[in-house]
Structures are given as C-alpha cells and as structure tokens.
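*Asks:* Submitted below is the structure of interest, expressed as structure tokens.
Number of protein chains: 2
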Amino acid sequence: MSDELPPLPTTSYAVLGLLSFGEPLSGYEIRKWAENMRFFYWPPAQSQIYSELRRLSERGFVESAEVVQTGKPDKRLYCITPTGEGALRVWLEEERAEPTIVKNSVALKLFFGHMTRPEVLAGMLERFVDDTQQMLGQLAVVQKYMENEPKFAASALVTEWGCHHYNAEAEMTQRLLARLRGQLGTNADYSDKRSER
Amino acid sequence: MSDELPPLPTTSYAVLGLLSFGEPLSGYEIRKWAENMRFFYWPPAQSQIYSELRRLSERGFVESAEVVQTGKPDKRLYCITPTGEGALRVWLEEERAEPTIVKNSVALKLFFGHMTRPEVLAGMLERFVDDTQQMLGQLAVVQKYMENEPKFAASALVTEWGCHHYNAEAEMTQRLLARLRGQLGTNADYSDKRSER
DNA sequence: ATGGGCATGTAACGAGTTACATGATTTT
DNA sequence: AAAATCATGTAACTCGTTACATGCCCAT
Chain W
9 MSDELPPLPT TSYAVLGLLS FGEPLSGYEI RKWAENMRFF YWPPAQSQIY
59 SELRRLSERG FVESAEVVQT GKPDKRLYCI TPTGEGALRV WLEEERAEPT
109 IVKNSVALKL FFGHMTRPEV LAGMLERFVD DTQQMLGQLA VVQKYMENEP
159 KFAASALVTE WGCHHYNAEA EMTQRLLARL RGQLGTNADY SDKRSER
Chain A
9 MSDELPPLPT TSYAVLGLLS FGEPLSGYEI RKWAENMRFF YWPPAQSQIY
59 SELRRLSERG FVESAEVVQT GKPDKRLYCI TPTGEGALRV WLEEERAEPT
109 IVKNSVALKL FFGHMTRPEV LAGMLERFVD DTQQMLGQLA VVQKYMENEP
159 KFAASALVTE WGCHHYNAEA EMTQRLLARL RGQLGTNADY SDKRSER
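In order, the protein sequences belong to chains W and A.
Per our numbering: the first sequence = residues 9 to 205.
Per our numbering: the second sequence = residues 9 to 205.
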C-alpha cells in the first residue's frame, strides 16, 4: 500500500544505463564513462555516483558482485538486474521528456554586456570558441571509440550529433565575435571611450 | 578579518544582472524576465528568486524601494546599488568562466538506445524537433522585443545567437532522425522484430 | 620520494525544487 | 462562477558539490 517509491532523478538512470551495456562496472569506472558523456549530460560528482549505486541497489536495480581484488585496491563491481533493465526500459519509453537544461554562463554574461567594455566580451567569446573546439577534440576521441562497435550503435549516433553540435556552436560564436568586433567602432554607447584619452 | 563572504553562485548574478538595465523590478517581474532567458540559462524556481533577492539585499547589492500598491497586491520593487553594479562588473570580467552545463535527457536516452526499439527513439526525436521549433518560436518573440532597443544591444546578440543555435539543433536532429529511419530495416540488432510476426 | 592513477567512502554544506499558504484583481 | 494573472513568502525536502579521509600501486 505504502510502497509508492518516489521516481528516480534522471541522474540515477544515467548511472543505471551505463550498466546496461553488459559489462559489470565499478563506481570508479562509471565515473569515467559519465565524464565522456559530459558533452550532452552533465555528470554527477564522484561521491554522488557511489550514493546513486547504493540507492539503485536498494531498489534491486543493480547488484554488486562482491569485491574484486586485482592486486590493486578493493573494487566493487555492479551489474544491472532484470528488474533494473525493466525500469530502464520504462524510463526510456516515457512519452513526456523533461526539458533540456542549459546553463551557459558565457551567454548570460553577454546578455548583460551593457555593463562592460566590448573588448572584455570579445575576449570572453574568444575563450569560449577555444573551449568549444577543445571539447570537440575530446568528443572526437570518444566518438572514434564508439563507431563500428555494434553495441554502441545508438550511442555513436549521439556523439556524432554532439560533434555537429559543437562544430556549429564554434562557428556561430565566431560569426558573433566578428559582428561584435565590427560594432566596436560604430557603437554610440562606447564610442566615448575614444575621447577618454 | 572574518569577512570573507563566500562567492555568489551564477544564479545570483543572473538576478542581479536583470536589475542592471535601469528599471526597478519586483521578484515577480524578475521571474518573467528570467523565463525569457531559459533558452540559454535555466531560470531558478520562483521561490528562489525571492531568496536570492534577500541575499543580494544583505550584501548591499540591491535595495528595495518600499512597497508599492497599484491597486493590486503589494509589490516590492528592487534596485541595483552602486556596490551591486561593481560586483556585477567584477563577475563579468572574471577570466575563468565556469563550464556550460547541459542536461539533455533526449540525448541521454538515445545514448542508451540499445535498450529500446528504434521506433521509440524515432518518436522521441520527433517530439524533440517539435519542442525545439516551439522554443525557436518563443525565442523569436523575445528577440523581436529586444532588437532595435539600444539598451538591449548585447542581449539581442544573445537571443539572435540562440535562434541560430536552436535552428541548427532542429536541423541536426532531423538529419539524425532520417538516418535512424534509414537504419530501421538494415540493422541486424533489430531485424529479428520482423520475424516476430 | 613525489606525483598521479586507482579505488571507495563520509560529513557538511549549498543549490534548487515542490508544495503549500494567502489573497486581490482581471478575464472568460 | 471559474480560471488566470498578479504578488509574496515559508517549510520541507532532494539534488548535487566540496572537502576530507584512507591507502595501495606504478612511473619518474
């Protein structure tokens, strides 16, 4: 009667999903996988991964094959259970997806651009382009790893999508930057800085 | 000595920044503005806006011109102070920007696509394209409001950037969808569903 | 011997959401 | 008469991060 467990947050399913590829993984390994997904889904902190695994375990969605010692420190490997697979499938098939969350502080700062000098904004956008291209390079590595592995067919679709995404982002930002530089001289708001000296 | 206040989270600056355009705003009005920024910065819950305003007020970054009654319920208008403007400028000019956070649960679900049928994934992506186009329409309204207002010159740059962004997103997702549909028949993993009936 | 990678976990905190509470005015 | 909009706020909670604690192995 009182067994209406609250729904799990998306982050739990992200952890659960990583165990659905067949291999048992430790918390530590899950963390590394999750980091490769940061391009489209922000990974939880290391400590949260361990607590998610405990919660998933309480629900019977994962099981820990007991501690393995490979000469290294103790290592607790987790497997997804049939119950867990069922729960994952139910989640995957839910009609209503929650909205995509974006927190782009560069965009936010540019939005308040009237409070600072255009050169500051330009520098910020330059760094953003650099960062985006770096992300792109890192994503390309992940993608190369996944394409041609049939197990990761769908996953590779996502990383490829991500490549296009960050590519487009970098290009759009560069165009924006060019426009911003073009306005540097002509903008009435800031042209008085010329007369300052 | 002990006055090392902890740095404010980005969300605080989002609220503070909205008061930097000159007009005093109430919590309620800030909420509406923040919602127009959801395209590039996820807005805090209504209740959090009020608590951020209290925190900002404690730091002397904003001041509340006392309660105004326009026939309607009480309305507390907040203004940014010179101290607040200084703090905002310092934040805007910080060299190291924090990373952009993305939580795209559609991408996440597609990443685990091996656990469900391609038709489910296709339906999901279709809905995502629809949602993206709807976002685009809403953003266009905001953008129209801001362009040509000199006060919002920088802000309009962001909304325009956002338009390109969501446009690109919709197109990329449609291409992805086409590819997914193309694989529906040829993929060995799922071709056995044909023999099911 | 120093630093980095492997490996797990706890405690305290801060960020952020949900649900609730209230009540007037305007629109349908 | 009902619903939406305006308007503010509290309490309880969950989500998620940071910092700390531990300790081994491996490479430089």
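Just so you know, even glycine gets a beta-carbon here, dropped at the ideal spot from N, CA and C.
1) Determine, using beta carbons only, whether N7 of chain W comes closer than 8 Å to chain A.
2) Anything in the segment 106-128 of chain W with a Cβ closer than 7 Å to a Cβ of chain A? List those residues in chain order, please.
3) Out of W:E66, W:Y174, W:C87 and W:L64, state which residue places its alpha-carbon closest to the alpha-carbon of V75 of chain W.
4) Check E101 of chain W in the structure and name its three-state DSSP category.
5) Any beta carbon from chain W within less than 8 Å of R202 of chain A's own beta carbon?
6) What residues in the segment 38-66 of chain W bring their beta carbon closer than 7 Å to a beta carbon of chain A?
7) Just list the residues that DSSP pairs L33 of chain A with in beta bridges.
8) Under the assumption that A115 of chain W contacts Y49 of chain A (Cβ atoms under 8 Å), give the Cβ distance between them as a whole number of angstroms.
9) Can you give me the C-alpha to C-alpha distance between V149 of chain A and V128 of chain W, rounded to a whole angstrom?
10) Using the Cα positions of H122 of chain W and G94 of chain W, report the straight-line distance between them to the nearest angstrom.
11) Could you work out which residues of chain A lie near T89 of chain W, taking near to mean beta carbons separated by less than 8 Å?
12) Using beta-carbon positions only, say whether T167 of chain W and M154 of chain W come within less than 8 Å of one another.
13) Under 7 Å between beta-carbons, which chain W residues line up against L166 of chain A? List them in chain order, please.
14) Look up E71 of chain A in the DSSP assignment and give the residues it is bridged to.
15) By the criterion of Cβ-Cβ separation under 9 Å, what are the contact partners of E155 of chain A in chain W?
16) Identify the contact partners of A22 of chain W in chain A, using a Cβ-Cβ distance below 7 Å as the criterion.
17) Using a threshold of 8 Å, state whether the C-beta atoms of L147 of chain A and L165 of chain W are closer than that.
18) Can you confirm whether the segment 95-103 of chain W touches the segment 24-31 of chain A when touching is taken to mean that 3 or more C-beta pairs between the two stretches lie within less than 8 Å?
19) If you compare alpha carbons, which of A:E134, A:L13 and A:I38 is closest to K6 of chain A?
20) Should A73 of chain W be labelled buried (16 or more other beta-carbon atoms within 10 Å of its own) or exposed?
21) Alpha carbon to alpha carbon, how far is A178 of chain W from H172 of chain W? Give it in angstroms, no decimals.
22) If you drop the 5 nearest sequence neighbours on each side, which residues of the same chain put their C-beta closer than 6 Å to that of T19 of chain A?
23) Could you give the distance in angstroms between the alpha-carbon of G131 of chain A and the alpha-carbon of N112 of chain A?
24) Determine which residues share a DSSP beta bridge with K111 of chain A and list them.
25) Can you find a CB in chain A that lies within less than 8 Å of the CB of L188 of chain W?
26) Out of A:R189, A:A162 and A:A176, which one is the CA nearest neighbour of Q191 of chain W?
27) Taking only beta-carbon atoms, is G145 of chain W less than 8 Å away from chain A?
28) Taking 8 Å as the threshold (C-beta atoms), are L61 of chain W and P126 of chain W in contact?
29) Identify which residue in W:E157, W:R63, W:G92 and W:G35 has its Cα closest to the Cα of Q54 of chain W.
30) Shorter than 8 Å from the beta carbon of S34 of chain A to some beta carbon of chain W?
31) With H, G and I counted as helix, E and B as strand and the rest as coil, what does DSSP make of P14 of chain A?
32) Against L96 of chain W, what residues of chain A qualify as contacts under a CB-to-CB distance less than 8 Å, listed in chain order?
33) Grouping DSSP H, G and I as helix and E and B as strand, with all else coil, what is S181 of chain W?
*Replies:* According to the data block:
1) Outside the displayed span of chain W (9 to 205) sits residue 7 of chain W, for which this structure offers no information.
2) E106, T108, I109, V110, K111, N112, S113, V114, A115, L116, K117, L118, F119, F120, G121, H122, M123, T124 and V128
3) W:C87
4) helix
5) Bear in mind that a pLDDT of 43 at R202 of chain A, under 50, signals an unreliable position, so the model cannot answer this.
6) M45, F48, Y49 and W50
7) A:Y86
8) Cβ atoms of A115 of chain W and Y49 of chain A come within 8 Å of each other, at about 7 Å.
9) Going from the Cα of V149 of chain A to the Cα of V128 of chain W covers about 28 Å.
10) 52 Å
11) Result: empty, since nearest Cβ-Cβ is about 14 Å, beyond 8 Å.
12) yes
13) The sequence shown places Val at residue 166 of chain A, rather than the Leu named in the question. Those are A115, L118 and F119, listed as they occur along chain W.
14) A:C87
15) Simply none; closest approach about 13 Å.
16) L116
17) Result no, Cβ atoms of L147 of chain A and L165 of chain W do not sit closer than 8 Å.
18) no
19) For chain A, the structure presents residues 9 to 205; residue 6 of chain A sits outside this window and is missing.
20) exposed
21) 10 Å
22) P52
23) 16 Å
24) W:Y49 and W:I109
25) yes
26) A:A162
27) By this cut-off, G145 of chain W is not an interface position.
28) no
29) W:G35
30) For S34 of chain A, the answer is no, since every Cβ of chain W falls outside 8 Å of its Cβ.
31) coil
32) Neighbours of L96 of chain W in chain A, taken as residues at a C-beta separation under 8 Å, are given in chain order as F120 and M123.
33) Residue 181 of chain W is actually Thr in this sequence, not Ser. Correct three-state label for T181 of chain W: helix.
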